[in-house]
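Asks: Okay, handing you the structure first.
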Amino acid sequence: MSATTILAHSVRIARTEWRCHRRDAGQSRIHRRLLVGLRLVVAAALGAAGRSIGRDLAAGQSIPVTELWLAGAVAFAWAVWRSATLTHERFSRLDPDMLLTAVPARAPALGLLGFVSARLAASLAVPTLGVAGGLALGLRSPAVALTVIIAIAGMAALAAAVGVTGRLATQLVGTRLTRGRFYRDLFVLFGWAAILSVVAVFRSTLVSALPVLAGVGSLSGAWIVDLALLGAGERAGIEARRGLAVLGLILPSLALFAGGTTVLARRLWEAEPTGSDGAHGSHPLVDGGRLDRVLAGAVSRPVRTVARERWLAERRAPRGVLNTAYVLLFVGVVGFPVVGIVGVPLLLLVAFALAVAVGVAFGSDPIGVEYRVLPMLFTTIRGRQFVSGLLLAALVVGAPTVTAVVVPIGLFSSATLLETLAVALGGVAICACTAAVGVALGLGVDHDGLVPVPSFFTDVPAYAERGWAPFRRLAVLFAVVSVAGLPAFLGTMPAVSDSGAGIGAPAAAVRIGSLLLTTLVAVAIASGAVRIAVRRYRRYQLT
């Protein structure tokens, strides 16, 4: 097959992947307009900064190489990360069994690289025009706009090639190592914490070494700046030879990475990945276990089976457990400031956070988790059994966790024993409320709106919605649970509890009463959510 034919197939594959990506993203027209508006704002800000730099250069000031190098390094790192993310999303969607029977491996590999480059170019086009226009106005040289666009386009193409090749290389290594994917996903999820810890501990050392690092990179950074400002000539104080030399480095590098992309894609498609066929980690769902020995006489077998199945699913692919990160974000951004301003006891916030986290872990996204077995599920399990099973899964984990954390902390705090027990009881009720509301909201997801997406700690794709719909449901969940916890937060405020003395009620009685009221409100909301969830389960349509 000729090079022209392969290139034509690559362009066709890249165009197809573009349309599939837009369809899977599920962005509304309003969302797309907001993104366009944000890019215009960024472009305007960059244009203003570029015009200021251009005026300074026209006035004879020196080029701020260090600052430009740092900004370029951050932009290049973001472009590499974005390219790797797009590669991960689209490479799992390619069908090599079909493609490789019609075209050589080079065509889909180059098509994937073309798609990533096109998506990156679409994201950077407007900001690039802003920078180019600002520098051209500042230096009063239209040719600068062209050289700036060439420089940014070259670095963006190089970043896309590095991101695609690096992501495919990482995936190839992961298939050769038994636990390579596990450690990679572990680093993606929690590596930022380790990096922030290192920065916090060695902050002074890094600050002192930053000028040295900038000086090391100033050579290549200066070359990129020389290429970008080549159109200004001698007025910008650049060396044209170094600027032209950048193109001599970028073009062969692009060819090298394009070849690497083809080699890696062929190895991933044609080589046999490692795996395990053993029964390690398998557990029966119907019989056996401590749950049956404790609850056999009180809870039916289908309910216990649903609970055990959800625990096993989270053990193998902690999809719901990973959603607890949003709970920590919500508590950290909203809860902590409220505690500091109004004086709500920290013990109550801890109980609330734990309860909501466990409820989210086992009650969120029931359709996505059960997507592959939905036909069997709807024909063998009744709605109340399914919802009760998920509630049981959350409460069996949440009740001991909340109690084990809250009671010791309460005993060593200023709270009385009754207040501590009331906080623990309210936490268990909040856990049930969170799980019930999460199941009710999750059962409202349309079956056709779910698409396979990559998941952590497993090669099997998960099924989830694209776009902002999951985050809107999560916001509704947090709002409903916050309403359930509102009586406790208000009643434990010093300004409210101390004012009870005016009507003859002790402050401790006001606090305990508010905690019990939260328990009742949470139970009432959970009961209503269970009825809604059961009704949605019975009426759910798979087509």
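Under UniProt numbering, the sequence shown has 453 at position 453, and the numbering climbs by one with no breaks.
Every residue gets a Cβ at the ideal spot worked out from N, C-alpha and C, and that includes glycine.
1. Could you give the uninterrupted runs of the alpha helix (DSSP H) lying entirely in the segment 470–523, keeping only those of 4 residues or more?
2. Just to confirm my understanding: we take ILE532, look at its own chain, exclude 5 residues before and 5 after, and list those with CB closer than 7 angstroms. What are they?
3. Where does LEU391 sit, in a helix, a strand or coil, going by DSSP?
4. Specify, as a first and last residue, the run of the beta strand (DSSP E) that LEU450 falls within.
5. Using the DSSP secondary-structure output, state which residues sit across from ALA462 in a beta bridge.
6. How would you call GLN61, buried or exposed, if buried means at least 16 neighbouring beta carbons within 10 angstroms?
7. Give me the Cα-Cα distance between THR16 and ARG93, rounded to the nearest whole angstrom.
8. If you run the structure through DSSP and keep just helix, strand and coil, what is ASP226?
9. Please determine, among LEU99, VAL162, THR518 and HIS88, the residue with the shortest C-alpha to C-alpha distance to ALA79.
10. Assess contact between the segment 352–363 and the segment 390–408, defined as three or more Cβ pairs (one per stretch) separated by less than 8 angstroms. Is contact present?
11. Going by beta carbon distance, what residues of the same chain come within less than 7 angstroms of ARG538, once the five residues before and after it are set aside?
12. Assign LEU348 to one of three DSSP states: helix, strand, or coil.
13. Skipping 5 residues on each side, what residues in its chain have a beta carbon closer than 6 angstroms to that of VAL11?
14. To the nearest angstrom, how far is it from the Cα of LEU229 to the Cα of ILE149?
15. Please tell me whether SER253 and LEU158 are closer than 8 angstroms, where the distance is taken between their beta carbons.
16. Taking 6 angstroms as the limit between beta carbons, can you name the residues of its chain near GLU447, skipping five residues before and five after?
17. Using the rule of at least 16 other Cβ atoms within 10 Å of the residue's Cβ for burial, across every protein chain shown, is ALA296 buried or exposed?
18. Out of GLU419, THR401 and VAL299, state which residue places its alpha-carbon closest to the alpha-carbon of VAL510.
19. Which residue marks the beginning of the alpha helix (DSSP H) containing TYR326, and which one marks its end?
20. So VAL4 packs on ARG106, CB below 8 angstroms; how close in whole Å?
21. Quick one: give me the first and last residue of the alpha helix (DSSP H) that LEU139 is part of.
22. Please work out which residues of its chain come closer than 6 angstroms, Cβ to Cβ, to ILE525, disregarding the five sequence neighbours upstream and downstream, and give them in chain order.
23. Considering ARG93, what are the terminal residues of the alpha helix (DSSP H) in which it resides?
24. Give me, in chain order, the residues of the same chain whose beta-carbon lies closer than 8 angstroms to that of VAL344; leave out the 5 immediate sequence neighbours on both sides.
25. Assign residue 575 to buried or exposed, taking buried as 16 or more other Cβ atoms, counted over all protein chains shown, within 10 Å of its Cβ.
26. Residues in the same chain with beta-carbon distance under 8 angstroms from GLY166, minus the five sequence neighbours each way, listed in chain order, please.
27. Below 8 angstroms between beta carbons: does that hold for LEU392 and VAL303?
28. When burial is assigned at 16 or more other CB atoms within 10 Å of the CB, is SER497 buried or exposed?
29. On the three-state DSSP scale, how would you describe LEU57?
30. Cβ of ARG301 within 8 angstroms of Cβ of ALA462?
31. Taking the alpha helix (DSSP H) that VAL373 falls in, what are its first and last residues?
Replies: Working from what's here:
1. Positions of the alpha helix (DSSP H) runs, each at least 4 residues long and wholly inside the segment 470–523, are given as 494–497 in order along the chain.
2. By one-based count along the sequence shown, residue 532 stands at place 532. Within the same chain, ILE532 has close Cβ partners ALA440.
3. Position 391 of the sequence shown, counted from the start, is the residue given in the question as residue 391. LEU391: helix per DSSP, three-state reduction.
4. The count along the sequence shown starts at 1 and reaches residue 450 at position 450. Where LEU450 is concerned, the enclosing beta strand (DSSP E) stretches over 450–453.
5. Mapped onto the sequence shown, residue 462 falls at position 462. Its beta-bridge partners are VAL453.
6. Locating residue 61 in the sequence shown gives position 61, where the first residue counts as 1. Burial call: exposed.
7. As a position in the sequence shown, residue 16 is number 16, starting the count at 1. As a position in the sequence shown, residue 93 is number 93, starting the count at 1. So the alpha carbons of these two residues sit roughly 11 angstroms apart.
8. Taking the sequence shown and counting its residues from 1, one reaches residue 226 at position 226. If DSSP states are grouped into helix, strand and coil, ASP226 belongs with the helices.
9. Counting from 1 along the sequence shown, the entry for residue 79 is found at position 79. Out of LEU99, VAL162, THR518 and HIS88, VAL162 has the C-alpha closest to the C-alpha of ALA79.
10. yes
11. Taking the sequence shown and counting its residues from 1, one reaches residue 538 at position 538. The beta carbon of ARG538 sits closer than 7 angstroms to those of GLY383, all from its chain and outside the five residues before and after it, given in chain order.
12. The count along the sequence shown starts at 1 and reaches residue 348 at position 348. Note: LEU348 maps to helix in three-state DSSP.
13. By 1-based counting over the sequence shown, the position of residue 11 is 11. So the list is empty, once near-sequence residues are dropped.
14. In the sequence shown, counting from the first residue as 1, residue 229 sits at position 229. In the sequence shown, counting from the first residue as 1, residue 149 sits at position 149. Taking the straight line joining both Cα atoms gives about 10 angstroms.
15. The sequence position of residue 253 within the sequence shown is 253, counting from 1. The sequence position of residue 158 within the sequence shown is 158, counting from 1. A contact, by the Cβ cut-off of 8 angstroms.
16. Residue numbering aside, residue 447 sits at position 447 when the sequence shown is read from its first letter. Sequence inspection shows His at residue 447; the Glu mentioned does not correspond to that position. So the qualifying residues of the chain are LEU542.
17. For the purposes of this step, residue 296 is taken as the residue at position 296 of the sequence shown. The residue in question, ALA296, is exposed, as its Cβ has fewer than 16 Cβ neighbours within 10 Å.
18. Locating residue 510 in the sequence shown gives position 510, where the first residue counts as 1. The option with the nearest alpha carbon to VAL510 is GLU419.
19. Locating residue 326 in the sequence shown gives position 326, counting from the first residue. Bounds of the alpha helix (DSSP H) holding TYR326 are 324–330.
20. Your numbering for residue 4 matches position 4 in the sequence shown. Your numbering for residue 106 matches position 106 in the sequence shown. Sequence inspection shows Thr at residue 4; the Val mentioned does not correspond to that position. Not a contact, Cβ separation roughly 13 angstroms.
21. Residue 139 sits at position 139 when you count from the first residue of the sequence shown. Counting along the chain, the unbroken alpha helix (DSSP H) around LEU139 starts and ends at 106–139.
22. The sequence position of residue 525 within the sequence shown is 525, counting from 1. For ILE525, where only same-chain residues beyond five positions count, the Cβ hits under 6 angstroms are CYS433 and ALA484.
23. Mapped onto the sequence shown, residue 93 falls at position 93. Neither: ARG93 is in no alpha helix (DSSP H) and is coded neither H nor E.
24. By one-based count along the sequence shown, residue 344 stands at place 344. Excluding positions up to five away in sequence, the list reads VAL338, PHE489, THR492 and MET493.
25. Given a span of 1 to 543 for the chain in the structure shown, any question on residue 575 remains unanswerable.
26. In the sequence shown, residue 166 corresponds to position 166, counting from 1. Once the five neighbours on either side are set aside, the close Cβ partners of GLY166 are VAL80 and ALA84.
27. Taking the sequence shown and counting its residues from 1, one reaches residue 392 at position 392. Taking the sequence shown and counting its residues from 1, one reaches residue 303 at position 303. Yes, these two residues count as a Cβ contact at 8 angstroms.
28. The residue given as residue 497 occupies position 497 in the sequence shown. Flag for SER497 reads buried.
29. Indexing the sequence shown from 1 puts residue 57 at position 57. Reduced to three states, the DSSP call for LEU57 is helix.
30. Position 301 of the sequence shown, counted from the start, is the residue given in the question as residue 301. Position 462 of the sequence shown, counted from the start, is the residue given in the question as residue 462. ALA462 sits away from ARG301, with the two beta carbons spaced by 8 angstroms or more.
31. Position 373 of the sequence shown, counted from the first residue, corresponds to residue 373. That residue, VAL373, is in no alpha helix (DSSP H); it is neither H nor E in DSSP.
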